[in-house]
Amino acid sequence: MDSLDLLANGLAAALTPENLLYAVIGVLLGTFVGVLPGIGPAMAVALLLPVTFGLEPTQAFIMFAGIYYGGMYGGSTTSILLNTPGESSSVMTAIEGNKMAKKGRAAQALATAAIGSFIAGTIGTMLVVFFAPALAKIAVEIGAPSFFAIIVLAMVLVTSLLGASRLRGFISLFLGLTFGLVGLDLNTGQPRLSFDQPLLADRLDIVIVAVGIFALGEALWVAAHLRRKPLEIIPVGQPWMGKDDWGRSWKPWLRGTAIGFPFGAVPAGGAETPTFLSYVLERKLSKKKDEFGNGAIEGVAGPEAANNASAAGTFVPLLAMGIPVTATSAVMLAALTSYGIQPGPQLMTDQADLVWTLLASLLIGNALLLIINLPMAPLWAKLLSIPRPYLYSGILFFATLGAYAANQQPFDVFLLLVFGLVGFMMRRFALPVLPLIIGVILGPLMETRFREALAISGGDVSGLFNESLALVVYAIAVLVIVTPLVLRMVRPATTGPSGPADSEDKELVER
Amino acid sequence: MSTTHENTAPAPAHDRAAPAQDRAQYGVAALLAAVGAYTIYDATTLTVGFGDPVGPRVFPYVIGSTMVVLGLLLVVATVRGDKPEGEQGEDVDLTQPADWLTVAKLVGVLLFTIVTIDWLGWAISGGLLFAGAAWSLGSRTTIRDLIVGLVMSVASWYGFYVGLGIPLTPGIGEGIL
């Protein structure tokens, strides 16, 4: 009840005409940028950060909520119409969705993706509303040792569960930690790794790092390997679904939601695993197995719902503990910090108004997305044929604008270029991007907690282990590292991912 | 995604005819080691205060030495035939060799922007950036590119000034904008 009251207050704050306008602008901008080929939601949010520079935090967050869901919606449009997923979590959508489009059912694929995303996003956000305050209540009690342990766990999870190679994950993480060192030491005020450059002593602006790695790095990488042939784009009409499509979609939507949310909330492997699991589950449950691989609507409905539910789920660790587990939520956190808001367990209590307005805006943004965008799908699809030189020049233009607008220093554009080249290198050598961003954001926070914990214990290492929660968290971290190694020794054959979602699954379907 | 890539290392190890290693990875390993070594060196120049049991050096030491170790591990992995798979994408065609000229042109355009932005101002510099980048990427409609770029940069200048209250550098456009 308590949560619902707070949410109602948040809705009241978010529903002023002016704020609704920001939500609409956010949804439209997010979809616009998200539909553009080569731009995923993380890059969409990163590129659009500067648009919110002059806004109040509340309004900025309302816009972000719209941009966030808009960017994700745009991504599924690209997957279905181009068969080229912008990010790994849309792979499953691309498989079935594009087959449907080729059979002339693009409108139905788009509709089931959009409605499924709406349902999953709404249920997911409501679950966040109920979960996050409870978690935050625990989180406020968390001392420096446990908080340090949780950050270690978050890094271990992000680095070793995502991506193909642990070595590359750790290389990326430690690159990020190195970038996180740059600037004044938080305790003694001495500049570290700043090459006597006063502009570097002020710490790296996370917005510049994110825009450089995501946007410029991607643009340079594509420029080096630009496909010279035009892509084949499937025309769409108005998205709609027949009675049969509804009947086949609603269960996958709910099941996908049930699978996706826990994966986002527990930080266990981003959106890839749940979308994959949802796809496998739908194929297993389907009575028309032969349709899978040839455009089964369940194969779009389930994974799209799972994708959005896990995206909503990532707000639980983000709001309750200030820990981002996806690239997009990392960029959102960067946006929070640029408003001087400290990520961490105190967020829900210190910035309660802001958090509840954000949660309310997520619901509003999600609904607006459906109302505004479903009729506009054919229009968005036109964006796919934008000439590539203009598209990537535009990304360069807006990335530079974003880096420059914050402080109006040419040096910041230089830093953008440096991080763009780092991003290029990472794509060339298959280094995952997320661990680096996590390292940059959480590294300084981690050091603060570490030094806090040891200052309390007078430098004794036991200061890191004197909370039982910390011990539990370390135990989980060790399990995460050791289990796959043991499994590989015991069973050399590939083991499919196992889903802890069964119980929640039933629970939700019965509601 | 992850299921297909899991065991990349062992397969191509015995194939002697094709290049068994990705030599460029040694460069990455060297870079990692150099960054790590410099981080350690930089930490030695810091002074540790009193009453600060950890001090500003511990994190750089740990991070720097781990970077060196990761560099060495990458060398080992490369020797054993590990090959990275470049990132796929909607407009990416990895069957062609990398087009370094285009990348160099884009970097040049950005460097030009960095050097001139204070002098020319965003409205002009941004327009040139767009047109220059479009040219680098193969567009040959220069006049149109310049017009599109100028419209975008002037519009974004006014958008930031009017909408967000942030006056971007006017440069030589001062008084006109």
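Taken in sequence, the protein lines are chains A and B. Everything in the first sequence is counted per my numbering, starting at 2 for the first residue and increasing by one. Everything in the second sequence is counted per my numbering, starting at 10 for the first residue and increasing by one. Even glycine gets a Cβ: it sits at the ideal position worked out from N, Cα and C.
Check, Outcome
"Neighbourhood of M2(A) by C-beta distance below 7 Å, restricted to the same chain and skipping five residues each side", "With a pLDDT of 49 at M2(A), under the threshold of 50, the predicted position of this residue should be treated as unreliable, and no value is reported."
"Status (buried if at least 16 other CB within 10 Å, exposed otherwise) for P176(B)", "exposed"
"Nearest to R169(A) (by Cα), restricted to the options V37(B), L119(B), L155(B)", "V37(B)"
"is_contact[L201(A), chain B] using C-beta, thresh 8 Å", "no"
"Partner residues on chain A for T151(B), Cβ-Cβ distance less than 8 Å", "By Cβ distance, chain A contributes nothing, its closest Cβ being about 11 Å from T151(B), past 8 Å."
"Per DSSP, cross-strand counterpart(s) of G184(A)", "R193(A)"
"Helix, strand or coil at L227(A) [DSSP, three-state]", "strand"
"Residues near G11(A) in its chain [Cβ-Cβ closer than 7 Å; skip 5 each side]", "W357, T358, L360, A361"
"Amino acids of chain A, ordered along the chain, whose beta-carbon sits closer than 7 Å to that of I72(B)", "F175, L178, T179, L182"
"Y405(A) at chain B interface by Cβ criterion, 8 Å", "yes"
"Contact set for L136(A): own chain, Cβ-Cβ below 6 Å, skip 5 residues either direction", "A321"
"Terminal residues of the alpha helix (DSSP H) in which R153(B) lies", "151-167"
"Contact list for V84(B) against chain A, beta-carbon separation under 7 Å", "Within chain A, no residue comes near V84(B); the closest Cβ sits about 11 Å away, beyond 7 Å."
"8 Å Cβ cutoff, L146(B) in contact with chain A", "yes"
"Cβ of A107(B) within 8 Å of any chain A Cβ", "yes"
"Per DSSP, the bridge partner or partners of V101(B)", "L227(A)"
"Partner residues on chain A for G58(B), Cβ-Cβ distance less than 7 Å", "T189"
"Chain-ordered neighbours of G117(B) on chain A, where CB pairs are closer than 8 Å", "Under the 8 Å cutoff, chain A gives no residues; its nearest Cβ is about 11 Å from G117(B)."
"Beta-carbon proximity check, S90(A) vs E273(A), cutoff 8 Å", "yes"
"Beta carbon proximity, D24(B) to chain A, threshold 8 Å", "With a pLDDT of 43 at D24(B), under the threshold of 50, the modelled position of this residue cannot be trusted, and the question is left open."
"Candidates E97(A), P199(A), S77(A): closest to F33(A) by CA position", "S77(A)"
"Interface partners of Q30(B) on chain A, CB under 8 Å", "Chain A residues near Q30(B): none, gap ~13 Å exceeds 8 Å."
"Cβ pair T113(A), S250(A) closer than 8 Å", "yes"
"Where L509(A) sits in the DSSP three-state scheme", "Residue confidence for L509(A) is low, a pLDDT of 34 falling below 50, so the modelled location carries little weight and cannot support an answer."
"Given V212(A) as reference, the closest of M93(A), G71(A), V423(A) once Cα atoms are compared", "V423(A)"
"Bounding residues of the alpha helix (DSSP H) (the contiguous stretch that carries V483(A))", "469-491"
"Under 9 Å from the C-beta of P179(B): neighbouring residues of chain A", "Within chain A, no residue comes near P179(B); the closest Cβ sits about 11 Å away, beyond 9 Å."
"Sequence-distant residues of the same chain with beta carbon closer than 7 Å to V237(A), five excluded per side", "L82, A107, A108, L111, A378, P379, A382"
"Cβ of V414(A) within 8 Å of any chain B Cβ", "yes"
"Reference S195(A), options D51(B), Q34(B), G45(B), closest by Cα", "D51(B)"
"Option in G172(B), G45(B), V101(B), F169(B) with minimal Cα separation from L178(A)", "G45(B)"
"I396(A) classed as buried or exposed, judged by whether at least 16 other C-beta atoms fall within 10 angstroms", "buried"
"Within chain A, the residues that F121(B) reaches when beta carbons sit closer than 8 Å", "Simply none; closest approach about 11 Å."
"Closer than 8 Å to chain B by CB, D291(A)", "no"
"Cβ neighbour criterion (16 or more within 10 Å) applied to S469(A)", "exposed"
"CB of G158(B) within 8 Å of CB of G136(B), strictly", "yes"
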